[in-house]
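Residue numbers (full-length UniProt numbering): 1 to 296.
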């Protein structure tokens with residue numbers, strides 16, 4: 001039985017449509033795109049509409065030609081493909097890598113990002129990552145970064161952002177602490193033990209979930225890093241209110257244990273943030289797409 005060559009394969013968009021899409025995403029101007037490609041403005045609009053019809057999705061959202069979520073993801077693939085087409089047989093690969101600077105909160109980096117990061121570096125060997133530490137809530141970054149992982153309430157008027165991780169909190173303590181101060185059978189059993197404090201995770205959220213009309217603890221050791229607070233709890237300094245995803249390494253190693261089967265939603269979450277125009281760079285869009293995919 002004969003078959004038509006290419007039957008069943010998805011249609012590949014015309015190269016002129018891909019070139020126009022990349023240029024318009026980069027320049028954000030129909031006129032400038034038309035000048036660069038030596039075509040008329042109407043041709044630019046026609047090519048973009050043709051590409052959107054082929055893909056079955058909108059690539060540009062607003063009148064300023066900002067990309068939709070699908071547009072940002074597709075732009076990374078288009079730029080990767082166009083770069084590959086520019087390489088000729090026998091040509092040495094371009095030794096210049098794309099450098100991507102990411103600022104990330106410490107415990108999120110150790111507990112969540114680093115264990116997964118090899119997947120990204122293997123998928124994108126042409127990207128060199130430079131990780132630096134940002135301080136949660138204060139959003140202090142060592143130097144200018146391309147992408148920033150922030151932890152907080154999510155009200156960031158200075159940057160575009162998307163939520164990447166939300167979690168629940170529960171009290172954790174070391175097994176030795178439990179043996180010394182336990183047993184812990186009811187939330188009220190915490191009344192006479194030291195509670196470790198952090199502005200990152202206010203105790204009021206968990207007290208409310210338990211129906212306890214207790215004020216937030218005003219005394220005791222305080223930490224602005226969840227990892228340091230977990231280390232302190234593992235050393236027997238007290239009970240820490242910890243997000244389960246971030247506390248997982250300590251739980252898996254048996255350094256900390258749960259005290260109750262009562263959880264509360266954290267009032268804060270992790271967000272990936274960037275300045276307008278950053279996602280025009282394919283390496284930034286590629287990392288954002290990968291992080292969203294690996295976190296779901």
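Beta carbons: idealized from backbone N, C-alpha and C, even for Gly.
Quick caveat: nothing in here was measured; it's all calculated off a predicted structure.
One thing to note: residue 66 has its Cβ within 9 Å of the Cβ of residue 276. Scanning the UniProt domain "HTH lysR-type" (13 to 70) for uninterrupted alpha helix (DSSP H) segments of 4 residues or longer gives 15 to 27, 30 to 37, 41 to 55, listed from N- to C-terminal end. Secondary structure of residue 216 (DSSP, three-state): coil. Annotation: the continuous beta strand (DSSP E) that includes residue 267 extends over 264 to 274.
Judged by DSSP in its simplified three-state form, residue 132 adopts strand. In the structure shown, residue 259 adopts coil according to DSSP, grouped into three states. With distances taken between CA atoms, residue 228 lies nearest to 196 out of 187, 103, 196, 85.
Where residue 161 is concerned, the enclosing beta strand (DSSP E) starts and stops at 160 to 173. Distance check between residue 82 and each of 174, 58, 156, 282 places 282 closest, using alpha-carbon atoms only. Residue 288 carries a helical assignment under DSSP once its states are collapsed to helix, strand and coil. When the beta-carbon positions are compared, residue 148 and residue 273 come within less than 9 Å of each other.
CA-CA distance, residue 186 to residue 278, rounds to 49 Å. In the DSSP assignment, residue 99 forms a beta bridge with 128.
In this structure, DSSP gives residue 254 a state outside helix and strand, which the three-state scheme calls coil. In the DSSP assignment, residue 152 forms a beta bridge with 269. Excluding the 5 residues flanking it on each side, residue 162 has same chain C-beta neighbours closer than 6 Å at 272, in chain order.
Annotation: residue 224 to residue 22 spans about 42 Å, alpha carbon to alpha carbon. In the structure shown, the three-state DSSP call for residue 222 is strand. Sequence-distant Cβ neighbours of residue 269 in its own chain, meaning closer than 7 Å and more than five residues away, are 154, 163, 165, 166. Secondary structure of residue 118 (DSSP, three-state): helix.
Of the residues assessed, residue 103 falls on the buried side of the cut-off, its CB having 16 or more other CB atoms within 10 angstroms. In terms of Cα proximity to residue 209, the closest of 180, 69, 260 is 260.
Around the C-beta of residue 171, 16 or more other C-beta atoms lie within 10 Å, and the residue is accordingly described as buried.
Apart from sequence neighbours up to five positions away, the residues of its chain that approach residue 266 with a beta-carbon distance below 6 Å are 167, 169, 243, ordered along the chain. Taking a C-beta distance under 9 Å as the contact criterion, residue 257 and residue 174 qualify as a contact pair.
In summary, residue 286 is buried, with 16 or more beta-carbon neighbours lying within 10 Å of its beta-carbon over all protein chains present. The alpha-carbon separation between residue 115 and residue 109 amounts to approximately 9 Å.
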